[in-house]
Amino acid sequence: MATPIAEELAKKQKEISVAEFFERNKQILGFDSLTRAVLTSVKEGVDNALDACEEADILPDIFVSIQKVEKTRDEYTIVIEDNGPGIVKDQIPPIFGKLLYGSRFYAIRQSRGQQGIGISAVVMYAQLTTGRPTKITSKISEDRPAYQADLIIDTKKNKPEILREDTLHWDKKSGTKIELIIHGRYVKEKRQSVFEYLRSTAIVNPHARIILIEPDNTKTVFERATEKMPKPTVEIKPHPEGTELGTILKMGRATESYKLLSFLVNEFSRVTTEKAREICARANVDEDMRPQDINREQANRLLNAFKLVKIMTPPTDCLSPIGETLVKKGLKKEMKADFIVTSTRPPSVYSGNPFQVEAGIVYGGELPKEENIQIMRFGNRVPLLYQQGGCVITHAIENIDWRRYGLEQRGGTGIPVGPAIVSVHVASTKIPFTSESKEAIADISEIQMEIQLAMRECARKMLSHLRKQQKLAKMKEKEEIIRKVLPLIAEKSADVLNKPVPPIAQVIAKIMNSIIIEDSIGYDEKSKTHKVKIEITNYTPHAKKIMLKAVVPSDAKIQNINPKPESTDHVITWDMQGIPSTEKRALEFEILGLDKDDYDENELYVDGIDPELLSGADAWDQEAFEEKSKMVEEPEETKENENKKPEKEEEE
Amino acid sequence: MTKEEKTGRQKETIKKLEGIASDVYEKLVKTQIPSVSLPVRTKSNIVFSEEHGVWKYGDITGTRTAKTLDGAYMLLRTMYTIDFIRNQINTAKSSTLREMYYISEGWELAKFHAQQESDHLIEDMEIMTKLMREDFKLRPEENGASIIGNMTIEEVVRTGATRKINCRDDIGDAGYTIPYNVEKEKIKFKDWDADFIIAIETGGMFDRLSENRFDEKSRAILVHLKGQPARCTRRLIKRISEECKLPVVVFTDGDPWSYRIFASVAYGAIKTAHISEYLATPSASFIGILPSDIENYKLPTDKLSEQDINALKSELSDPRFKGNVYGNSPWEDEIKLQLELKKKSEQQALAKYGLDYVTDTYLPEKLSQIGVIK
């Protein structure tokens with residue numbers, strides 16, 4: 013008798029090896045083209061290296077080299093080396109030799125790791141396309157030799173197989189080096205290239221130094237912009253909002269708590285005893301029941317109660333945003349621009365997952381004026397190079413009417429045109445990607461909203477910069493009038509009429525009709541002193557009483573203020589009584605102890621003067637200033653609240 | 240001519256120019272920002288003058304002030320130009336507009352960056368002083384076009400001698416060339432034997448009519464417009480029409496640019512609306528090519544270009560085209576018809592029916608339609 017069909021099928025199913033799975037899902041895994049295969053390999057290696065360095069609190073030094081094996085074949089040797097903590101010998105085989113290993117299921121934290129399929133997929137790709145093993149070298153301590161292994165994956169069993177191992181001397185404190193040979197193709201100067209990927213990575217990881225050696229031996233060093241490590245990310249517990257039925261049941265079974273009440277308090281984020289009681293009451297479930305006994309019906313009621321009870325949003329200090337100053341520094345070191353504006357939104361939450369949006373706009377420089385703006389997208393400090401059109405970042409940008417902010421845009425929607433690069437970073441414990449390839453973020457309305465708010469803030473700052481530029485251009489024109497043309501008109505008209513040349517100072521004041529504030533910042537490296545000079549000219553036809561305010565960093569030490577100001581508390585205020593028409597006043601002060609880049613723009617305001625008359629400073633707005641001061645303090649408030657959360661439940 | 244021998248008109252010119260300089264100077268003395276007011280020189284500020292029967296600038300004025308960079312430069316250049324013109328008058332010299340543009344090279348900051356700028360300023364100064372550029376001793380570098388027909392002109396030539404020229408018998412095939420100055424002190428009309436003047440846009444058609452001896456057969460004076468006609472050509476047509484009491488007809492291609500040529504002859508050009516009463520001949524009639532002629536005569540055509548279409552649309556909002564071409568056929572209908580047809584024809588397209596068709600059929604038909612010939 014013939015074998016039953018089902019059994020035949022079962023046999024076949026077993027034979028579907030990891031290799032076949034890989035082959036069938038090349039696209040998902042990021043190996044669908046020869047070009048992308050090289051990029052994915054570098055990306056997996058570099059992401060791992062950055063994560064490892066951060067966990068060990070080491071400033072990353074990453075070396076990437078891509079060399080052609082033979083001239084005629086599309087095969088490349090890729091080397092990625094870091095100065096991270098290294099990997100212990102026992103962990104090397106599973107990390108590199110087992111697909112889908114190591115994703116810790118319950119860990120909720122912001123990490124690059126959640127972005128990719130894992131380095132083992134690269135090992136597999138190398139092995140499938142060139143038949144070569146991957147060489148891993150790792151050193152975990154200065155006083156121990158390095159360990160080296162040649163490794164392949166047993167594709168039938170999805171198990172690592174060490175072909176050769178060795179210990180050797182490696183002149184390095186610690187670190188990991190991966191060398192593999194893959195079938196691929198290397199492209200230069202394309203948006204989706206290794207170069208662009210590393211450049212973008214360097215922008216959002218300003219604490220990293222990355223060196224790239226390309227197949228033509230071009231060496232590029234993406235230098236670090238700061239010695240400061242990013243704030244470490246913290247693991248958090250799941251938040252009730254966004255929890256699914258299955259998860260509650262699973263968590264209930266796994267918990268060590270004896271009672272539902274303590275289970276809710278201990279296993280969930282932001283659930284206080286008081287809130288837990290309210291949840292149980294609303295769900296009509298006994299708060300003393302064993303969490304292991306929760307049935308589907310009860311779980312459902314709990315889920316509904318989660319929605320009804322107002323629970324504080326999850327802690328957001330688990331996130332590690334880049335920070336406005338560093339976003340600016342990162343962009344500044346890789347881009348030539350007229351100016352850069354940035355904005356960091358306060359953390360927010362979607363479905364119980366904390367997330368935070370940071371944005372920046374690079375404007376001018378050598379960027380093309382007639383082309384669409386460039387969009388740089390980042391998720392947890394990883395550049396997203398593919399599927400731009402399907403990403404919430406792109407959609408958020410397209411939904412803004414950029415015409416109001418000085419860019420061209422047909423019909424007020426779509427990607428605007430202008431000399432600008434828009435950069436958006438979304439940090440989250442769980443980035444909602446549209447698909448497994450993790451190249452586009454899904455259209456979550458909360459995220460879109462935050463991106464738009466960040467974009468609008470940047471856009472407003474951009475517009476104010478552009479307006480300032482316009483005003484400056486207008487002032488330059490006026491200067492040409494009053495310094496060159498008007499004196500000649502006076503001279504020539506007098507000459508034609510054979511009369512004396514008339515004085516023109518009063519006419520100059522009428523033409524300018526403005527109060528011009530010019531400022532400069534000098535820096536002395538040795539004494540770490542910023543020297544600020546301000547000059548006020550009253551180019552109006554009347555004497556003016558001018559109240560000038562300079563906002564200075566609250567933590568900075570101010571000295572040598574000249575002339576003596578009215579007050580100096582965060583805001584230096586000078587009260588200048590009656591500057592006569594066409595006369596000037598000079599002011600100066602010094603800031604001690606800041607790095608050069610920490611203070612690169614004076615914030616000057618004038619109180620009590622028609623804003624239309626001001627050039628070089630904005631009108632003082634007390635309300636806006638107080639609002640702004642409040643916003644700076646906000647993150648600290650959040651922390652305080654979190655500390656109020658009881659660590660243990662009271663009853664036990 | 241020495242300083243003492245200046246004519247009254249020249250003294251008047253200098254006085255007016257110094258008046259402009261004085262206005263600027265006095266404003267400075269009174270600590271006011273120097274400025275001048277001028278009519279806005281666009282089609283939105285063209286109004287019909289009942290008195291002259293032509294289109295002139297309306298009441299909308301714009302101010303050039305030293306508050307703006309462009310305004311300041313305009314005022315500075317005006318000062319230099321006043322000095323230059325006064326000097327020309329005092330030394331009995333004249334120059335072309337182009338020469339003046341080159342002379343401004345020595346004015347440093349006040350120099351012009353294109354001849355268009357200096358030409359424009361001279362027009363502005365004509366408006367400010369209510370004088371003509373001839374009063375400033377400035378002339379265009381190009382001459383007017385040509386005339387053929389049985390008419391005797393008396394011209395004061397450069398030697399100072401007076402010469403009588405018959406524009407049919409004393410000239411070659413190219414005709415009598417119109418000088419830039421066609422005022423009475425230069426040209427007088429002595430004798431003529433013709434029924435009408437026909438002004439022709441293109442050289443090809445002018446030559447066709449000349450070769451076919453249309454001037455003799457139809458008792459016409461042929462005037463070549465050479466595209467958009469120079470001031471002197473328009474002035475001469477007006478003078479012949481008024482002084483010799485001859486009707487004027489204008490014969491051009493059938494496209495929007497040609498309608499503007501007709502408008503500048505008959506209604507007054509926008510650029511020179513301040514002197515329309517000197518230049519325009521309101522009694523002139525248009526005899527094609529009209530968009531309706533394209534259909535009626537089944538003429539060969541070209542497609543309208545993007546610019547053609549825009550020009551036609553612009554004419555729809557041009558007050559000068561609000562009236563009728565002749566009889567009760569409104570310009571608006573013709574322009575709209577052309578936008579519908581999306582086609583244009585040249586006057587020489589009439590050659591489709593043979594070289595004599597224009598003189599034997601087309602023109603006689605048109606001229607009798609408007610009653611110029613019976």
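Chains A and B supply the protein sequences, listed in that same order. Those letters in the first sequence? Residues 13 to 664, per this note's numbering, in order. Those letters in the second sequence? Residues 240 to 613, per this note's numbering, in order. Idealized CB from N, CA, C, for every residue including glycine. All values derive from a computational prediction rather than experimental measurement.
With respect to Asn-535(B), Arg-458(B) sits apart: the two C-beta atoms are not nearer than 9 Å.
Counting C-beta atoms within 10 angstroms of its own C-beta, Glu-382(A) has fewer than 16 neighbours from the protein chains shown and is therefore classed as exposed.
Nothing from the region 474 to 485 of chain A brings a Cβ to less than 9 Å from some Cβ of chain B. Under the Cβ distance rule, Pro-558(B) does not count among the residues neighbouring chain A, no pair being separated by less than 9 Å. When the Cα atoms are used, Lys-557(A) and Asn-525(A) turn out to be separated by approximately 15 Å. Of the residues assessed, His-352(B) falls on the exposed side of the cut-off, its CB having fewer than 16 other CB atoms within 10 angstroms. For the options Lys-477(B), Leu-589(B), Val-263(B), Glu-251(B), the alpha carbon positioned closest to that of Leu-315(B) is the one of Val-263(B). Arg-415(A) carries a helical assignment under DSSP once its states are collapsed to helix, strand and coil. When secondary structure is reduced to three states using DSSP, Asp-619(A) falls in the strand class. Contact of Glu-257(B) with chain A is assigned, a C-beta pair being separated by under 9 Å. Distance from the Cα of Ile-373(A) is smallest, within the candidate group Cys-292(A), Ala-471(A), Thr-146(A), for Ala-471(A). Between Thr-441(B) and Gln-587(B), the beta carbon gap of about 7 Å places them in contact (Cβ cut-off 8 Å).
Under the three-state reduction of DSSP, Asn-392(A) is assigned to coil, being neither helix nor strand. Interface annotation, Pro-379(B): not in contact with chain A, CB-CB separation never under 9 Å. Short of 8 Å from the beta carbon of Asn-392(A), and not among the five residues preceding or following it, lie these beta carbons of its own chain, in chain order: Gln-122, Ser-123, Arg-124, Gln-126, Gln-127, Val-438, Ala-439, Ser-440, Ile-443. Here DSSP, grouped into helix, strand and coil, assigns Asn-170(A) to coil. The CB of Leu-348(B) comes closer than 8 Å to the CB of Lys-496, Val-497, Leu-500 in chain A, given here in chain order.
Only residues of its own chain outside the window of five on either side were considered, and among them Gln-421, Pro-428 have a CB closer than 6 Å to the CB of Trp-414(A), listed in chain order. Going by beta carbons, Met-318(B) and Leu-377(B) fall outside the 9 Å limit. Within the same chain, and ignoring the five residues on either side of Tyr-565(B) in sequence, the residues whose Cβ sits closer than 6 Å to its Cβ are Ser-524, Ile-609. Secondary structure at Gln-368(A): strand, using DSSP grouped into helix, strand and coil.
Distances from the alpha-carbon of Ser-544(B) to those of Thr-520(B), Pro-495(B), Ser-274(B), Met-371(B) put Pro-495(B) closest.
Apart from sequence neighbours up to five positions away, the residues of its chain that approach Leu-396(A) with a beta-carbon distance below 6 Å are Arg-389, Glu-451, ordered along the chain. DSSP, reduced to helix, strand and coil, places Ile-373(A) within a strand of the structure shown.
Residues of the region 299 to 332 of chain B whose Cβ lies closer than 8 Å to any Cβ of chain A, in chain order: Ala-305, Lys-306, Thr-307, Leu-308, Ala-311, Tyr-312, Leu-314, Leu-315, Met-318, Tyr-319, Ile-321, Asp-322, Arg-325. Listed by position along chain B, the residues whose Cβ is nearer than 7 Å to that of Glu-624(A) form an empty set, because the closest Cβ is around 14 Å away.
For Gly-593(B), the secondary structure class from DSSP, reduced to helix, strand or coil, is coil.
Among the residues facing chain A, Ile-272(B) is included, as its CB has a counterpart in that chain under 9 Å away.
Nearest neighbour of Ile-253(B) by Cα position, chosen from Thr-320(B), Thr-281(B), Thr-520(B), turns out to be Thr-320(B). For Val-597(B), no CB of chain A lies under 9 Å from its own CB, so it is not counted at the interface with that chain. Asn-420(B) is a Cβ neighbour of Cys-471(B), given a cutoff of 9 Å. The C-beta of Val-76(A) has 16 or more other C-beta atoms within 10 Å across all chains shown, which makes the residue buried. Distance from the CA of Pro-273(B) to the CA of Arg-337(B), rounded to the nearest whole angstrom, comes to 28 Å.
In terms of beta-carbon proximity, Gln-518(A) lines the interface with chain B, with at least one pair separated by less than 9 Å.
Between the C-alpha atoms of Asp-455(A) and Ile-405(A) there is a straight-line separation of about 9 Å. Straight-line measurement puts the Cα of Gln-355(B) at about 60 Å from the Cα of Leu-46(A).
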